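Asker:
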Amino acid sequence: MNEPLLEAVDVVQRLGKGAGEVRALNGVSLALGGGQLTLLMGPSGSGKTTLLSVLGCILTPTEGTVRVRGHSTVGARPGELAKLRRDHIGFIFQSYRLFPMLTAVDNVRLALDIRGEDPDRATARAKEVLLTVGLAHKENAFPGELSGGEQQRVAIARAIVGNPSAILADEPTGALDSENGLAIMKILAKIAKDPSRGVMVVTHDPRILPLADRVIYIEDGRISREA
Amino acid sequence: MSLTFKLASRNLFQDRLRFVATIVGIVFSIVLVTIQLGLFLSFERMVTAMIDHTSADLWIVTLGTKCFEDPSLLDARDQAQILSIRGVIESVPVVIGFTQWAVPSGGVTPVFAIGSDAGQRGLHPWNVVQGSLAALSAQGAVAIDKTYSNRLGVSKIGDSAEIREQAVRVAAVTDGIRSFTTTPYIFTSLANARSYVATPPNKVSYFLLHVSPGTDIGAVREQLLTKLAKIEVLTPDEFRSRSRAFWLFGTGAGAALFAGALLGAIVGTVIVAQTLYSSTKDHLSEFATLRAIGSSSGYIHKVIIYQALLSAVIGFGLAACIGLVVVRSTAETSLPIVMTPGLTLGLFLLTVLMCILSATAAIVKVLRIDPAVAFRQ
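Top line first, the protein sequences correspond to chains B and P.
Position one of the first sequence corresponds to residue 1 (the working numbering), numbered consecutively onward.
Position one of the second sequence corresponds to residue 228 (the working numbering), numbered consecutively onward.
(1) Would you grab the beta carbon distance between Glu271 (chain P) and Arg471 (chain P) for me? Rounded to a whole angstrom, and I think it's under 8 Å.
(2) Where Ile549 (chain P) and Ile541 (chain P) are concerned, what is the direct C-alpha to C-alpha distance, given to the nearest angstrom?
(3) Per DSSP, what kind of secondary structure is Met1 (chain B) in: helix, strand or coil?
(4) Which residue's Cα is closest to the Cα of Thr462 (chain P): P:Asp344, P:Thr281, P:Val335 and P:Ala370?
(5) Kindly indicate the opening and closing residues of the alpha helix (DSSP H) around Val530 (chain P).
(6) Taking 8 Å as the CB-CB limit, is Lys233 (chain P) close to chain B?
(7) How many angstroms separate the CA atom of Arg243 (chain P) from the CA atom of Pro143 (chain B)?
(8) Could you name the residues of chain P that Gly79 (chain B) contacts, counting a contact when the two beta carbons are closer than 8 Å?
(9) So if DSSP puts Ser311 (chain P) in a beta bridge, which residue, or which two residues, is it bridged to?
(10) Is the CB-CB distance between Ser506 (chain P) and Leu230 (chain P) below 8 Å?
(11) Could you check the C-alpha separation between Trp474 (chain P) and Thr409 (chain P) for me, to the nearest Å?
(12) Are Ile309 (chain P) and Ile287 (chain P) touching if we call contact CB-CB under 8 Å?
(13) Where does Lys383 (chain P) land, buried or exposed, given buried means 16+ other C-beta within 10 angstroms?
(14) Over the uninterrupted beta strand (DSSP E) stretch that includes Asp10 (chain B), give me the two end residues.
(15) Assign Phe99 (chain B) to one of two classes, buried (16 or more other C-beta atoms within 10 Å of its C-beta) or exposed (fewer than that).
(16) Beta-carbon of Asp170 (chain B) versus every beta-carbon of chain P: anything under 8 Å?
(17) What does Ser53 (chain B) touch in chain P if you count any residue whose Cβ is under 7 Å from its own?
(18) For Val12 (chain B) and Arg23 (chain B), what's the separation of their Cα atoms in angstroms?
(19) Is it right to say Leu6 (chain B) is buried, meaning 16 or more other beta carbons lie within 10 angstroms of its own, or is it exposed?
(20) Step through the CB atoms of chain B and report whether any lies within less than 8 Å of the CB of Gln241 (chain P).
(21) What are the uninterrupted segments assigned as alpha helix (DSSP H) that are 4 or more residues long and contained completely in the stretch 76 to 148 of chain B, given in chain order?
(22) For Ala141 (chain B), which residues of its own chain have a beta-carbon under 6 Å away from its beta-carbon, when the five flanking residues on both sides are left out?
(23) Between the stretch 376 to 396 of chain P and the stretch 570 to 583 of chain P, are three or more C-beta pairs nearer than 8 Å?
(24) Could you tell me whether the Cβ of Ile531 (chain P) comes closer than 8 Å to any Cβ of chain B?
(25) Between Ser432 (chain P) and the rest of its own chain, which residues show a CB-CB distance below 6 Å, the 5 nearest in sequence each way excluded?
(26) Could you tell me which chain P residues have their CB closer than 9 Å to the CB of Phe91 (chain B), listed as they occur along the chain?
(27) Which complete alpha helix (DSSP H) runs does the stretch 458 to 498 of chain P hold, if anything under 4 residues is left out?
(28) Expressed to the nearest angstrom, what Euclidean distance is found between the alpha-carbon atoms of Phe267 (chain P) and Leu436 (chain P)?
(29) Asp113 (chain B) versus chain P: which residues are under 7 Å apart at the beta carbon?
(30) What is the DSSP secondary structure of Leu562 (chain P), counted as helix, strand or coil?
(31) What is the C-beta distance between Leu285 (chain P) and Ile444 (chain P), in whole angstroms, given that I count them as a contact (C-beta under 8 Å)?
(32) Just mark Gly20 (chain B) as buried or exposed, buried being the case when its beta carbon has 16 or more other beta carbons within 10 Å.
(33) Which residues, taken in chain order from the stretch 117 to 151 of chain B, show a beta carbon closer than 7 Å to some beta carbon of chain P?
(34) Mind listing the chain B neighbours of Arg237 (chain P)? Cutoff is C-beta to C-beta under 8 Å, in chain order.
(35) Can you name the start and end residues of the alpha helix (DSSP H) that Leu59 (chain B) belongs to?
(36) What is the DSSP secondary structure of Ile262 (chain P), reduced to helix, strand or coil?
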């Protein structure tokens with residue numbers, strides 16, 4: 001494997017304070033390489049989403065190191081972490097997190113707009129990506145006019161439009177029926193074929209195991225096994 | 228259209244009721260500020276109207292005079308000494324004072340008489356629409372302003388009334404010489420004025436001085452102060468400042484107008500702040516998503532500031548239209564509300580400032596958003 005796109009080394013994450021403090025991650029080390037669809041599985045409360053947040057530079061680990069394309073995030077300021085996220089990481093959320101007042105194409109374009117890209121070029125690129133997720137005909141539809149599966153495809157388009165190194169998805173099929181869930185996972189598996197890009201998906205859904213290149217199990221804030 | 232602007236406009240217009248409340252808040256606030264500041268400007272102009280309409284280089288006033296309407300008296304015999312000063316080419320005595328006007332149909336009303344002789348560069352009525360200045364030299368001849376025709380019971384040349392049981396006849400009618408005290412001004416000759424306000428022949432209210440071109444005003448002033456006792460020598464600008472200071476701040480009228488304007492601005496700011504804050508709260512999950520996907524703080528602030536600016540522009544547009552109607556409807560009253568291009572620009576900037584200040588609370592709220600919220604259901 002080449003240099004990891006995302007890497008966590010001995011990460012400890014404590015959440016809460018005082019008596020309510022919880023050790024959500026307890027010495028986790030893992031690396032996300034290119035061309036792989038990695039599933040992160042484990043019971044509720046095991047630390048999956050926390051690990052995703054730490055790898056995505058949304059949470060700063062209490063101890064340990066996170067590296068994005070080899071660059072350590074230790075000591076990085078919030079603005080620097082935000083830049084790492086917008087330049088290198090695409091996010092997909094279980095509840096899509098689309099902007100209800102923007103059309104599909106504008107929702108996708110948003111990921112480029114926050115980078116300050118030229119509006120015309122950004123729109124053309126957003127339309128191109130909507131085409132790859134099979135939603136070219138719905139580019140002017142608002143999220144409220146789309147089915148759950150279609151909304152998640154718009155969210156995937158938003159995550160990949162900026163060509164990030166890593167795509168982190170938090171239960172992207174959690175709100176979808178099995179048919180739509182499988183369709184979404186197939187899109188993600190296809191994206192993960194690109195050797196310059198790694199995809200990590202947090203999921204509970206065992207039906208998508210056959211699509212994965214790698215499965216990491218996490219329990220009580222530790223990686224329990226890997227397959 | 229930029230996405231930040233699109234997001235801002237859609238956030239703003241999404242909740243119509245809240246949008247209307249925001250705009251109504253801004254409109255009321257700006258109209259209130261417009262009226263208060265318009266009245267202030269009008270008041271400021273009116274209190275110096277008499278000083279503005281003379282061409283004197285210097286005013287000689289009694290020591291401690293607070294404003295033009297301050298009826299203190301100077302010794303008329305000082306005239307000879309004044310004229311003896313090198314550079315002084317004309318010294319015009321003026322008599323002013325309050326008196327009682329007997330309305331022909333019955334009753335009396337106070338008036339403020341101003342007397343100076345025609346033919347001299349004294350204090351004469353302007354905007355004469357009927358009659359002439361020369362006609363004021365006749366005994367009992369006065370000029371009235373048509374704004375006060377009803378109150379005085381006279382409206383045209385030849386109409387007569389009485390002042391202190393002396394017959395007066397309208398010899399000139401002016402348009403737009405209004406008094407901020409609501410007491411009508413009447414103009415007449417020096418002798419008539421003396422008689423109407425009971426000023427002895429050896430007294431005057433002011434001397435208006437004209438000096439020859441190139442004369443050192445400071446030197447003339449020094450000499451006058453040396454020769455004459457218990458007087459002050461003021462340039463028109465100094466007298467204007469003194470009158471304004473007295474009427475606007477000495478009486479509290481200006482402070483009250485400013486307080487009203489300030490209150491309007493505060494109320495507007497609070498209303499806009501409240502609606503922007505609640506709009507931001509409604510879209511917290513979207514702002515959290517923006518932060519999660521890596522948007523800079525500046526990008527998010529831009530969305531909120533655009534919302535504030537859009538509110539400002541729409542609110543100001545409507546407020547300006549209402550303000551224009553108010554200005555037009557008060558144009559012919561005794562205290563018209565004045566609107567100048569400078570005031571309009573100032574009000575627009577105030578609206579923008581008010582709305583941007585209002586955005587502060589919303590921005591602080593957004594700064595505190597945890598982007599990890601985006602992972603929650």
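C-beta atoms are modelled at their ideal positions from N, C-alpha and C, and glycine is treated no differently.
Computed from a predicted structure; not experimentally measured.
Answerer: Taking the coordinates as given:
(1) Numbered from its first residue, the second sequence carries residue 271 (chain P) at position 44. Numbered from its first residue, the second sequence carries residue 471 (chain P) at position 244. Between Arg471 (chain P) and Glu271 (chain P) the Cβ distance is about 6 Å, and since that is below 8 Å, they are a contact.
(2) Within the second sequence, residue 549 (chain P) is the residue found at index 322, counting from 1. Within the second sequence, residue 541 (chain P) is the residue found at index 314, counting from 1. Rounded to whole angstroms, Ile549 (chain P) to Ile541 (chain P) spans 13 Å at the Cα level.
(3) Within the first sequence, numbered from 1, the residue matching residue 1 (chain B) stands at position 1. Bear in mind that the predicted position of Met1 (chain B) carries a pLDDT of just 49, short of 50, making it too unreliable to give a figure here.
(4) If you number the second sequence from 1, residue 462 (chain P) lands on position 235. Of the candidates P:Asp344, P:Thr281, P:Val335 and P:Ala370, the one whose C-alpha sits nearest the C-alpha of Thr462 (chain P) is P:Thr281.
(5) Numbered from its first residue, the second sequence carries residue 530 (chain P) at position 303. Its alpha helix (DSSP H) spans residues Ser524 to Thr557.
(6) Here residue 233 (chain P) is taken as the residue at index 6 of the second sequence, counted from 1. Yes - at least one Cβ of chain B is within 8 Å of the one on Lys233 (chain P).
(7) Along the second sequence, read from residue 1 onward, the residue named residue 243 (chain P) stands at position 16. Along the first sequence, read from residue 1 onward, the residue named residue 143 (chain B) stands at position 143. Taking the straight line joining both Cα atoms gives about 20 Å.
(8) Residue 79 (chain B) sits at position 79 when you count from the first residue of the first sequence. Result: Ser523 and Ser524.
(9) Here residue 311 (chain P) is taken as the residue at index 84 of the second sequence, counted from 1. Answer by DSSP bridge pairing: none, since Ser311 (chain P) is not bridged.
(10) Here residue 506 (chain P) is taken as the residue at index 279 of the second sequence, counted from 1. Here residue 230 (chain P) is taken as the residue at index 3 of the second sequence, counted from 1. It is not a contact, given that the beta carbons lie outside the stated cut-off.
(11) For the purposes of this step, residue 474 (chain P) is taken as the residue at position 247 of the second sequence. For the purposes of this step, residue 409 (chain P) is taken as the residue at position 182 of the second sequence. Cα to Cα, the separation comes out at about 14 Å.
(12) Locating residue 309 (chain P) in the second sequence gives position 82, where the first residue counts as 1. Locating residue 287 (chain P) in the second sequence gives position 60, where the first residue counts as 1. Yes, they are a contact pair.
(13) Position 156 of the second sequence holds residue 383 (chain P). It is exposed - the Cβ of Lys383 (chain P) has fewer than 16 other Cβ atoms within 10 Å.
(14) What you label residue 10 (chain B) is simply residue 10 of the first sequence in a count that begins at 1. Run containing Asp10 (chain B): Leu6 to Leu15, per the beta strand (DSSP E) assignment.
(15) Taking the first residue of the first sequence as position 1, residue 99 (chain B) is located at position 99. Buried is the call here.
(16) Locating residue 170 (chain B) in the first sequence gives position 170, counting from the first residue. So yes, Asp170 (chain B) belongs to the interface.
(17) Start at 1 with the first residue of the first sequence, and residue 53 (chain B) comes out as number 53. Ordered by position in chain P, the residues that pass the 7 Å Cβ test against Ser53 (chain B) are Ala599 and Phe602.
(18) Taking the first residue of the first sequence as position 1, residue 12 (chain B) is located at position 12. Taking the first residue of the first sequence as position 1, residue 23 (chain B) is located at position 23. Distance between the alpha carbons of Val12 (chain B) and Arg23 (chain B): 7 Å.
(19) Start at 1 with the first residue of the first sequence, and residue 6 (chain B) comes out as number 6. So Leu6 (chain B) counts as buried.
(20) Along the second sequence, one-based indexing puts residue 241 (chain P) at 14. Interface residue, yes.
(21) The stretch 76 to 148 of chain B is shown to contain whole alpha helix (DSSP H) runs of 4 or more residues at 78 to 88, 104 to 113 and 119 to 132, in chain order.
(22) One-based indexing of the first sequence puts residue 141 (chain B) at position 141. Closer than 6 Å at Cβ, skipping near neighbours: Ala104.
(23) no
(24) Mapped onto the second sequence, residue 531 (chain P) falls at position 304. Output row for Ile531 (chain P): interface = no.
(25) For the purposes of this step, residue 432 (chain P) is taken as residue 205 along the second sequence, with counting starting at 1. Here the set comprises Val321, Val322 and Ile323.
(26) As a position in the first sequence, residue 91 (chain B) is number 91, starting the count at 1. Ordered by position in chain P, the residues that pass the 9 Å Cβ test against Phe91 (chain B) are Thr516, Ala519, Ile520, Gly521, Ala601 and Phe602.
(27) 463 to 471
(28) Position 40 of the second sequence holds residue 267 (chain P). Position 209 of the second sequence holds residue 436 (chain P). One C-alpha to the other measures close to 30 Å.
(29) Counting from one through the first sequence, the residue named residue 113 (chain B) turns up at place 113. Those within 7 Å of Asp113 (chain B) in chain P are Leu230.
(30) Residue numbering aside, residue 562 (chain P) sits at position 335 when the second sequence is read from its first letter. Of the three classes helix, strand and coil, the one that applies to Leu562 (chain P) here is coil, per DSSP.
(31) For the purposes of this step, residue 285 (chain P) is identified with residue 58 of the second sequence, where counting begins at 1. For the purposes of this step, residue 444 (chain P) is identified with residue 217 of the second sequence, where counting begins at 1. Contact flag correct, Cβ pair sits at about 7 Å.
(32) By one-based count along the first sequence, residue 20 (chain B) stands at place 20. If you draw a 10 Å sphere on the C-beta of Gly20 (chain B), you find fewer than 16 other C-beta atoms in it, and that means exposed.
(33) Pro119
(34) Within the second sequence, the letter at position 10 stands for residue 237 (chain P). Neighbours of Arg237 (chain P) in chain B, taken as residues whose beta carbon is under 8 Å from its own, are Met101 and Leu102 in chain order.
(35) Position 59 of the first sequence, counting from 1, holds the residue named residue 59 (chain B). First-last for Leu59 (chain B): undefined, no H or E at that position.
(36) On the second sequence, residue 262 (chain P) is found 35 positions in, with the first residue counted as 1. Looking at Ile262 (chain P) - three-state DSSP - the assignment turns out to be helix.
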